[in-house]
Amino acid sequence: MPVAVVTDSTAYLPSDLVRARGLTVVPLTVVLNGAEGLEGVETSPADATRALSARRVSVSTSRPAPEQFAQVYRTLLAEGADGVVSVHLSAELSGTVEAARLAAAEVGDDRVTVVDSRSTGMGLGFPALAAAAAAAQGADLTGVRDAALDAVARTTIYFYVDTLEFLRRGGRINAAEALLGTALSVKPIMHMPDGAIVVKDKVRTASRGVARLVDLAVETAGDAQVDVAVHHLAAPQRAEQLLTALTERLGDRLHDTYVTEAGAVVAAHAGPGLACVVVHRRTS
Numbered sequence: 017m018p019v020a021v022v023t024d025s026t027a028y029l030p031s032d033l034v035r036a037r038g039l040t041v042v043p044l045t046v047v048l049n050g051a052e053g054l055e056g057v058e059t060s061p062a063d064a065t066r067a068l069s070a071r072r073v074s075v076s077t078s079r080p081a082p083e084q085f086a087q088v089y090r091t092l093l094a095e096g097a098d099g100v101v102s103v104h105l106s107a108e109l110s111g112t113v114e115a116a117r118l119a120a121a122e123v124g125d126d127r128v129t130v131v132d133s134r135s136t137g138m139g140l141g142f143p144a145l146a147a148a149a150a151a152a153q154g155a156d157l158t159g160v161r162d163a164a165l166d167a168v169a170r171t172t173i174y175f176y177v178d179t180l181e182f183l184r185r186g187g188r189i190n191a192a193e194a195l196l197g198t199a200l201s202v203k204p205i206m207h208m209p210d211g212a213i214v215v216k217d218k219v220r221t222a223s224r225g226v227a228r229l230v231d232l233a234v235e236t237a238g239d240a241q242v243d244v245a246v247h248h249l250a251a252p253q254r255a256e257q258l259l260t261a262l263t264e265r266l267g268d269r270l271h272d273t274y275v276t277e278a279g280a281v282v283a284a285h286a287g288p289g290l291a292c293v294v295v296h297r298r299t300s
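Listed below in structure tokens is the structure:
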């Protein structure tokens, strides 16, 4: 059996793609007003969106416990996997990578290796898919890990939020950045150059935000063949506008495209109105 690939629920991969590529997804936990639910299993994006728009409702998230990862790794190895490569959202945003590494040390570092994607959404999803493709071609543990790391270096994420308030509440940006984002109704464009969320640009309107995301994606693509993913949160029209514009601008450089709604974990920290584009530069 080839090397097994594990990721987490914040990759927001289409479910049919998860099944087709043989990925194992470990869900994060979302806490809505004290009630816990597994992302994508017990808690939906709509649940988080409703909670965020209600008054005096607390929304938070938590990583999977190391024991959850250890159980998944042991099961995959017992079923005959040669090893496990576990690819997860940025350690700058979550303790998920740390939990996975603790579990890997317990199960055996020679059989389980953990990769920090330095991103989230399909910024995580593309490296997980690259790892799965390498595993399907018979690569060993090191080869599958390296395929994931190579994809991390070739994947870039940009996203627009209506307000920085939710990111500030969750501790993903500081108060000064949040203040800048609210001054004069400025709308922020964010990116994750080193795994942390950083303001890339500022625009005045949501429509300009979508246009700027397209410009940045096209600049990032350059002359390369690319795969593109679009995420949204309670904003399907924005996602449709993004994909239409990207298709027109990228032309025959555009290879595979994916559109999914972000899940409850990102909803808790980004808020409704999120629009996101992820560019994966292909090697062939």
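Just so we're aligned: the sequence shown equals residues 17 to 300 in this note's numbering.
Every residue, glycine too, gets a C-beta built ideally from N, C-alpha and C.
Small disclaimer: the values here were computed from a predicted structure and weren't measured.
Give every residue of the same chain whose Cβ lies closer than 6 Å to the Cβ of residue i, excluding the five residues on either side of it in the sequence, and list them in chain order.
i	result
Ala-250	Thr-65 and Pro-288
Pro-143	Val-103, Ser-133, Ala-164, Ala-167 and Val-168
Gly-211	Ser-106, Glu-108 and Arg-134
Ser-300	none
Pro-82	Ala-115, Leu-118 and Ala-119
Val-246	Ala-255, Leu-258, Leu-259, Val-275 and Val-293
Under a three-way DSSP split, which group does residue i fall into?
i	result
Leu-200	Low local confidence applies: a pLDDT of 49 at Leu-200 is under 50, so the model's placement there is unreliable, with the coordinate-based value given in what follows. In this structure, Leu-200 counts as helix in the three-state DSSP scheme.
Thr-236	helix
Ala-286	helix
Ala-212	coil
Asp-24	strand
Leu-270	strand
Leu-39	coil
Ala-245	strand
Ser-76	strand
Glu-135	The sequence given here places Ser at residue 135; Glu does not occur at that position. Three-state result, Ser-135: coil.
Ala-192	Summary for Ala-192: the model assigns pLDDT 47, below 50, so the residue's position carries little reliability; its value from the coordinates is reported in the next sentence. In the structure shown, Ala-192 sits in a helix (DSSP, three-state: H, G or I).
What does a CB cutoff of less than 7 Å around residue i pick up in its chain, not counting 5 residues either side in sequence?
i	result
Arg-127	Leu-93, Gly-99 and Val-100
Glu-114	Ala-107
Within 10 Å of its beta-carbon, does residue i have 16 or more other beta-carbons around it, so buried, or fewer, so exposed?
i	result
Ala-283	buried
Gly-267	exposed
Thr-26	buried
Pro-61	buried
Pro-209	exposed
Gln-153	exposed
Thr-171	buried
Gly-38	exposed
Leu-200	For Leu-200, the pLDDT reaches just 49, beneath the cut-off of 50, and the residue's location in the model is therefore unreliable, although a value from the coordinates is still provided. Flag for Leu-200 reads exposed.
Asp-24	buried
Ala-191	Bear in mind that a pLDDT of 46 at Ala-191, under 50, signals an unreliable position, so the model cannot answer this.
Asn-161	It is worth fixing the name first, because residue 161 is Arg in this sequence and not Asn. Under this definition Arg-161 is a buried residue.
Thr-236	buried
Ala-150	buried
Val-123	buried
Thr-91	exposed
Following the continuous alpha helix (DSSP H) through residue i, name the residue where it begins and the one where it ends.
i	result
Tyr-89	82-94
Thr-260	252-266
Val-160	157-169
Arg-66	61-69
Ser-300	Ser-300 -> no alpha helix (DSSP H), and no H or E assigned at all.
Along the chain, where does the beta strand (DSSP E) that runs through residue i open and close?
i	result
Leu-140	Per DSSP, Leu-140 belongs to no beta strand (DSSP E); it is in the alpha helix (DSSP H), 138-152.
Glu-52	51-54
Arg-220	Premise fails: Arg-220 is in no beta strand (DSSP E) and is neither H nor E.
Glu-122	From DSSP, Glu-122 is part of no beta strand (DSSP E) but of the alpha helix (DSSP H) over 112-123.
Val-131	128-132
Ser-102	100-104
Less than 7 Å between the CB of residue i and some heavy atom of the ligand GTP, yes or no?
i	result
Ala-167	No copy of the ligand GTP occurs in the structure displayed, which carries no ligand at all.
Closer than 8 Å by C-beta to residue i: which residues in its own chain qualify, once you throw out the five before and the five after it? Chain order, please.
i	result
Ala-146	Ala-163, Ala-164, Asp-166 and Ala-167
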